[in-house]
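Undergrad: Dumping the structure here so I can ask a few things about it.
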Amino acid sequence: IRASRDGFMSSSQVKPGSLITAQQTLLTTLYSSDPMWVNFSISEDRFLELQKTLKHPPGDRPDTAPPFHIRLADGTDYALTGKLNFIDATIDQKSGTLQVRVSVPNPDRILRPGLFVRVIVAAFENPSAIRVPQQAVQELQGLKSVFVVGAGDKAEPRQIVASYRLGNDWVVDSGLNPGDRVVIEGIGKIRPGAPVKPVVTAVVDSHPGTGPPPAAPKKKG
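Heads up: take any position in the sequence shown, counting from 1, add 337, and you land on this note's numbering.
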């Protein structure tokens, strides 16, 4: 017996020579492998935000919708972007969310059925957002903080809110202002009030259009 299409096959439920009956015996389960569907939910306000970016009504011409980026469970970004495939017609009254589905190319079969991923919607990215290198951010008991260069070139701790990463950067929701100078080297040794020697360096933007990094993101203490 040959399958009608390619995909992922689960373990066989029968052995060669076993008696099988049509419509009764399950041989195995075949899952499509390329493309893969990623299902997730968005809140009502996020849906309205997404809808403003669509050139056509939801569900119509999904190929013109903004791209959807996929982040794997290990924190790495999937190389290929997804396209809008489906938006549910109604909002769940209990959760206030709407089901969305994107189609993601999977030629190398990296994605598997049941795999949990994180979806980053390009339409939600803030072009004026502040980004800092991941190495500059310290995390303790769920709170994130960085050191900024304050008056007299002394290190000052600053708590930030950063909800997601893009590449090797954290996108900062609050806690930093444009022009703040962030310490990115010697984080483990620096202490509040310690003098630092600012050294400004260029930062390569691996995600164009996702917002500028701090004005002077690299400092040596």
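All residues carry an ideal CB built from backbone N, CA and C; glycine is no exception.
Leaving out five residues on either side along the sequence, give the residues of the same chain with a beta carbon under 8 Å from the beta carbon of Asp490.
TA: Cβ within range, chain order: Pro532, Val533, Lys534, Pro535.
Undergrad: Less than 8 Å between the beta carbons of Val483 and Val519, yes or no?
TA: Yes. Within cutoff.
Undergrad: Between which two residues does the alpha helix (DSSP H) carrying Arg383 extend?
TA: That run of the alpha helix (DSSP H) goes 381 to 390.
Undergrad: Return yes when the Cβ of Ile457 is within less than 8 Å of the Cβ of Pro515, no when it is not.
TA: No.
Undergrad: Note the first and the last residue of the continuous beta strand (DSSP E) segment covering Lys481.
TA: It spans 480 to 486 - the beta strand (DSSP E) in which Lys481 sits, taken as one unbroken run.
Undergrad: Indicate the three-state DSSP secondary structure (helix, strand or coil) for Ala499 in the structure shown.
TA: Looking at Ala499 - three-state DSSP - the assignment turns out to be strand.
Undergrad: Would you kindly work out how many angstroms separate the C-alpha atoms of Leu513 and Gly479, rounded to a whole number?
TA: If you take the alpha carbons of Leu513 and Gly479, they lie about 18 Å apart.
Undergrad: Roughly how far, in whole angstroms, is the beta-carbon of Leu435 from the beta-carbon of Phe384, given that I think they are within contact range, below 8 Å?
TA: Leu435 to Phe384, Cβ: 5 Å. Contact.
Undergrad: Out of curiosity, what's the CA-to-CA distance linking Ile407 and Thr413?
TA: If you take the alpha carbons of Ile407 and Thr413, they lie about 9 Å apart.
Undergrad: Starting from Leu477, follow its DSSP beta bridges and name the residues at the other end.
TA: Beta-bridge pairing links Leu477 to Leu480.
Undergrad: Any idea if Ala488 is buried or exposed, counting beta-carbon neighbours within 10 angstroms, 16 or more meaning buried?
TA: With fewer than 16 other Cβ atoms within 10 Å, it is exposed.
Undergrad: DSSP on Gly451, reduced to helix/strand/coil?
TA: In the structure shown, Gly451 sits in coil (DSSP, three-state: anything other than H, G, I, E or B).
Undergrad: How about Val375 and Val441: do their beta carbons lie closer than 8 Å?
TA: Yes, these two residues count as a Cβ contact at 8 Å.
Undergrad: Out of curiosity, what's the CA-to-CA distance linking Ser370 and Leu448?
TA: Looking at the two C-alpha atoms, the distance is approximately 8 Å.
Undergrad: Going by beta carbon distance, what residues of the same chain come within less than 8 Å of Gln496, once the five residues before and after it are set aside?
TA: Cβ neighbours of Gln496 beyond the five flanking positions: Leu480, Lys481, Ser482, Gly512.
Undergrad: Would Pro353 be called buried (16 or more neighbouring beta carbons within 10 Å of its own) or exposed?
TA: Looking at its Cβ environment, which holds fewer than 16 other Cβ atoms inside 10 Å, Pro353 is exposed.
Undergrad: Relative to the alpha-carbon of Ile379, which residue among Ala416, Arg455, Arg446 has its alpha-carbon at the smallest distance?
TA: Here the closest residue by C-alpha is Arg455.
Undergrad: Give the range of the beta strand (DSSP E) segment to which Ile407 is assigned.
TA: Residues 405 to 408.
Undergrad: Let's see if you can read the secondary structure: which residues bound the beta strand (DSSP E) around Arg438?
TA: Start and end: 434 to 441.
Undergrad: Kindly list the residues whose CB is nearer than 8 Å to the CB of Pro404, restricted to its own chain and excluding five residues on each side of it in sequence; keep chain order.
TA: For Pro404, where only same-chain residues beyond five positions count, the Cβ hits under 8 Å are Thr418, Gly419, Lys420, Ala459.
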